[in-house]
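If you read the protein sequences in the order shown, they are chains A and B.
For the first sequence, the numbering used here assigns the number 750 to the initial residue and increments by one for each residue that follows.
For the second sequence, the numbering used here assigns the number 2 to the initial residue and increments by one for each residue that follows.
Beta carbons: idealized from backbone N, C-alpha and C, even for Gly.
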Amino acid sequence: MAKITFIQPDGTSQTVTADPGLTVMEAAKLNAIAGVEAECGGACACATCHVYIDEAWRAKTGKPATMEEDMLDFAFDVQDTSRLACQIKVTADLDGLVVRVPAKQF
Amino acid sequence: MPQDLPPPTDVAIETDALIIGAGPCGLFAVFELGLLDIKAHVVDILGKSGGQCAELYPEKPIYDIPALPIVTGQELTDRLLQQIKPFNPTFHLGERIDGLKRQSDGRFAVATDAGKTFLAKVVVIAAGGGSFTPKRPPLEGIEAFEGTSVHYAVRRMEAFKDKHILIVGGGDSALDWTLNLQPLAKSLTLLHRRDDFRGAPHSVEQMRQLVASGKMRLMIGQVGGLHGTGAELEAVTVKTKDGDERIACNAMLPFFGLTMKLGPIADWGLNLEENLIPVDTERFETSTPGIFAIGDINTYPGKLKLILSGFHEAALMSQAAQKIVYPGKKVLFQYTTSSSSLQKKLGVK
Ligand SMILES: Cc1cc2nc3c(=O)[nH]c(=O)nc-3n(C[C@H](O)[C@H](O)[C@H](O)COP(=O)(O)OP(=O)(O)OC[C@H]3O[C@@H](n4cnc5c(N)ncnc54)[C@H](O)[C@@H]3O)c2cc1C
Ligand code: FES
Numbered sequence: 750m751a752k753i754t755f756i757q758p759d760g761t762s763q764t765v766t767a768d769p770g771l772t773v774m775e776a777a778k779l780n781a782i783a784g785v786e787a788e789c790g791g792a793c794a795c796a797t798c799h800v801y802i803d804e805a806w807r808a809k810t811g812k813p814a815t816m817e818e819d820m821l822d823f824a825f826d827v828q829d830t831s832r833l834a835c836q837i838k839v840t841a842d843l844d845g846l847v848v849r850v851p852a853k854q855f
Numbered sequence: 002m003p004q005d006l007p008p009p010t011d012v013a014i015e016t017d018a019l020i021i022g023a024g025p026c027g028l029f030a031v032f033e034l035g036l037l038d039i040k041a042h043v044v045d046i047l048g049k050s051g052g053q054c055a056e057l058y059p060e061k062p063i064y065d066i067p068a069l070p071i072v073t074g075q076e077l078t079d080r081l082l083q084q085i086k087p088f089n090p091t092f093h094l095g096e097r098i099d100g101l102k103r104q105s106d107g108r109f110a111v112a113t114d115a116g117k118t119f120l121a122k123v124v125v126i127a128a129g130g131g132s133f134t135p136k137r138p139p140l141e142g143i144e145a146f147e148g149t150s151v152h153y154a155v156r157r158m159e160a161f162k163d164k165h166i167l168i169v170g171g172g173d174s175a176l177d178w179t180l181n182l183q184p185l186a187k188s189l190t191l192l193h194r195r196d197d198f199r200g201a202p203h204s205v206e207q208m209r210q211l212v213a214s215g216k217m218r219l220m221i222g223q224v225g226g227l228h229g230t231g232a233e234l235e236a237v238t239v240k241t242k243d244g245d246e247r248i249a250c251n252a253m254l255p256f257f258g259l260t261m262k263l264g265p266i267a268d269w270g271l272n273l274e275e276n277l278i279p280v281d282t283e284r285f286e287t288s289t290p291g292i293f294a295i296g297d298i299n300t301y302p303g304k305l306k307l308i309l310s311g312f313h314e315a316a317l318m319s320q321a322a323q324k325i326v327y328p329g330k331k332v333l334f335q336y337t338t339s340s341s342s343l344q345k346k347l348g349v350k
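(1) Three-state secondary structure (DSSP) at L259 of chain B?
(2) Which chain B residues are close to K853 of chain A, counting only those with a beta carbon under 8 Å from its beta carbon?
(3) Can you name the residues of chain B whose CB is closer than 7 Å to the CB of D826 of chain A?
(4) What's the call for V326 of chain B, buried or exposed, on a 16-neighbour Cβ count within 10 Å?
(5) List, in order along the chain, the chain A residues whose C-beta lies closer than 8 Å to that of R247 of chain B?
(6) Look up S341 of chain B in the DSSP assignment and say whether it is helix, strand or coil.
(7) Quick one: give me the first and last residue of the beta strand (DSSP E) that S831 of chain A is part of.
(8) Any Cβ of chain A within less than 7 Å of the Cβ of R209 of chain B?
(9) Return yes when the Cβ of A805 of chain A is within less than 7 Å of the Cβ of M820 of chain A, no when it is not.
(10) On the three-pair Cβ rule with 8 Å, is the region 222-239 of chain B touching the region 97-105 of chain B?
(11) Considering only C-alpha positions, which residue in the set B:T78, B:E275, B:E96 is nearest to G116 of chain B?
(12) Keeping to the same chain, check which residues put their C-beta closer than 7 Å to that of V349 of chain B; ignore five residues upstream and five downstream.
(13) Less than 6 Å between the CB of G296 of chain B and some heavy atom of ligand 1, yes or no?
(14) Do D844 of chain A and A751 of chain A have their CB atoms nearer than 7 Å?
(15) Using beta-carbon positions only, say whether P139 of chain B and F855 of chain A come within less than 7 Å of one another.
(16) Pull up the CB-CB distance for F285 of chain B and I295 of chain B, whole angstroms please, since I reckon it's below 8 Å.
(17) Does the structure place the region 65-74 of chain B close enough to the region 242-257 of chain B that three or more beta carbon pairs sit under 8 Å?
(18) Between which residues of its own chain and F88 of chain B is the CB-CB distance below 6 Å, once the five residues before and five after are set aside?
(19) Going by C-alpha distance, which of B:A154, B:I221, B:K324, B:H313 is nearest L28 of chain B?
(20) Got a sec? Which residues, its chain only, sit under 6 Å from R1 of chain B by beta carbon, not counting five neighbours each side?
(21) Taking only beta-carbon positions, decide if F257 of chain B is within less than 7 Å of chain A.
(22) Could you tell me whether any Cβ in chain B is nearer than 7 Å to the Cβ of A794 of chain A?
(23) What residues in the region 780-794 of chain A bring their beta carbon closer than 8 Å to a beta carbon of chain B?
So this is what it looks like as structure tokens:
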């Protein structure tokens with residue numbers, strides 16, 4: 750089990766627990782986190798699961814792969830901390846992960 | 002109630018069935034209808050067949066198509082097109098179905114945005130998640146500029162003559178229009194979030210040459226805001242690593258890919274449940290007899306948005322459609338393996 754905290758643009762946050770093996774997107778959907786839309790169901794084909802990784806966690810979540818980087822071109826307000834939540838696998842290592850949900854998905 | 006559309010300007014295209022959507026389910030419907038001698042025309046707003054499979058994941062593998070342990074979205078599309086070839090469907094690609102009305106003779110008058118009209122005995126809505134439409138960047142006030150200064154497609158190149166153009170994106174659409182519009186434009190800026198492009202390498206090369214010779218500008222950054230009066234865009238704030246920059250621009254072309262929007266289907270007087278069309282599971286018919294809905298667009302208890310479910314729906318829908326297209330005709334259940342009449346239709350006998 751890993752705890753993941755989702756922070757909304759208005760500052761409110763929700764902490765959920767996720768089984769290793771799930772993706773961060775799936776953890777968000779299972780817990781009805783607002784602002785993670787995931788239209789394509791995790792196929793790295795929609796960019797509507799865009800999140801910002803908290804600075805402290807960037808080393809652990811790693812960098813996006815080429816396909817994910819390409820898909821991020823379709824997201825709005827992309828930052829250096831941007832990732833697609835469906836491309837991050839939950840591991841015991843990520844226990845405590847903090848991500849921010851963007852103001853808008855598109 | 003039955004109501005005729007105003008008489009079409011061109012001669013209407015008469016058909017047994019009109020299929021809205023050339024996704025996998027619309028394509029397979031051509032096959033199932035064809036076996037029952039029902040001729041079909043197929044319309045899709047995309048410039049190609051295959052729906053989500055071809056547009057969203059052509060290279061990705063699908064593992065749950067019966068008897069095809071692994072097949073990519075594009076391969077599945079190609080195989081379906083091959084399978085339906087004997088029935089010689091007519092495709093109308095790059096056109097959106099906008100209007101649908103029942104005529105007093107019981108047929109449906111269906112109109113496209115390109116001015117075509119069809120007269121169909123049955124209509125099959127295989128519209129998936131809706132029409133593929135360009136993604137609109139969530140920028141404040143962008144709607145006001147759309148159609149005048151903000152465009153998601155180029156209909157007439159001439160309209161961009163002597164404009165200060167800003168093109169946003171890093172794929173083939175952004176690059177192709179950069180190369181095509183640059184000679185016409187007063188100035189042209191290509192804006193992309195990173196100095197790395199998904200588009201064809203030779204287009205990237207040509208674009209970089211134009212930049213090197215001072216004929217256009219490449220900016221790395223993102224659009225932060227739009228400024229203008231009324232529908233006329235005057236400037237755009239670009240957010241770059243070195244801070245914000247305001248650039249003059251009176252035409253903007255954002256290319257952020259496509260998304261599915263239900264679109265005009267909502268206006269056809271059909272019952273809808275959360276943007277889906279409820280159907281029965283015997284005929285897959287909508288609240289209007291003669292209009293069927295199959296694939297991702299429909300809903301019923303237990304519905305799964307899977308391609309294989311849409312194939313099954315196409316088969317049962319076709320049986321019901323046959324009763325409308327050929328009223329009174331005795332239906333004989335046959336296998337393709339053994340029926341010589343079916344094999345003749347398939348062109349294998
Ligand atoms: C990334 C991804 C992976 C997937 N993986 C699988 C999988 O492994 N297995 C599986 O079974 N399914 C999978 N799916 C789902 C599958 O692709 C859909 O179930 C399937 O495409 C639905 O087919 P369809 O023919 O109903 O609609 P679509 O494929 O959505 O096609 C509908 C077409 O109708 C057109 N259209 C709509 N309205 C209009 C209009 N008014 N005028 C003109 N054209 C119109 C649209 O432009 C579109 O091309 C996946 C989907 C995605 C996005
Ligand atoms: S869910 Fe579509 S890209 Fe992540």
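Quick answer:
(1) strand
(2) P139
(3) Q223
(4) buried
(5) Within 8 Å Cβ-Cβ: nothing; R247 of chain B doesn't reach chain A, min ~18 Å.
(6) helix
(7) 831-833
(8) no
(9) no
(10) no
(11) B:E96
(12) none
(13) yes
(14) yes
(15) yes
(16) 5 Å
(17) no
(18) V31, G35
(19) B:H313
(20) With chain B represented from 2 up to 350, any question about residue 1 of chain B goes unanswered, as that position is not in the structure.
(21) yes
(22) yes
(23) E788, C789, A792, A794
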